[in-house]
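Here the sequence shown stands for residues 495 to 586, numbered as in the numbering used here.
Below is one structure; the comments refer to it alone.
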Amino acid sequence: MPSDDEVELYDPPAFNIGDKVRLRKQIKNDGTFPGQEIGTILAKKGDIGYVVSIGSFLQRSYIYAIHFLETGFIVGCRKKELELVEKSKDVE
Numbered sequence: 495m496p497s498d499d500e501v502e503l504y505d506p507p508a509f510n511i512g513d514k515v516r517l518r519k520q521i522k523n524d525g526t527f528p529g530q531e532i533g534t535i536l537a538k539k540g541d542i543g544y545v546v547s548i549g550s551f552l553q554r555s556y557i558y559a560i561h562f563l564e565t566g567f568i569v570g571c572r573k574k575e576l577e578l579v580e581k582s583k584d585v586e
């Protein structure tokens, strides 16, 4: 199991743009999601979404922007919060 000290950026991203993923835990607004009150549920455990971009956080972790089609929200998630449902067919 990876530790919190692990630098994910040493390895390739776990997910690719276009991958279909499932959320492992509920995500609430911590104040960084504009237009929603702090504490608002942005995505629920089990929600399905698609990776639309990949960034990094503190030069250590990948952050995956996940588009949840049901709500229309695009939410930043860490690898441990996601599980792969289906690889993108666009990736060779």
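Heads up, the beta-carbon is just placed ideally off N, CA and C, and yes, glycines get one too.
Owing to the predicted nature of the structure, the values given are computational and were not obtained by experimental measurement.
Going by DSSP, Arg516 is part of the beta strand (DSSP E) stretching over 514-517. The C-beta of Val545 has 16 or more other C-beta atoms within 10 Å across all chains shown, which makes the residue buried. For Ala559, the enclosing beta strand (DSSP E) covers residues 555-561.
In this structure, Cys571 lies away from Ile532, with their beta-carbon atoms at least 8 Å apart.
In the structure shown, Lys573 falls within a helical segment according to DSSP collapsed to helix, strand and coil. Between Leu578 and Thr534, the alpha-carbon positions lie close to 25 Å from each other.
Looking at the DSSP output, Tyr544 sits in a beta bridge with Lys514, His561. Excluding its 5 nearest sequence neighbours in each direction, Ile568 has C-beta neighbours in its own chain below 8 Å: Val546, Ala559, Ile560, His561, Phe562, listed in chain order.
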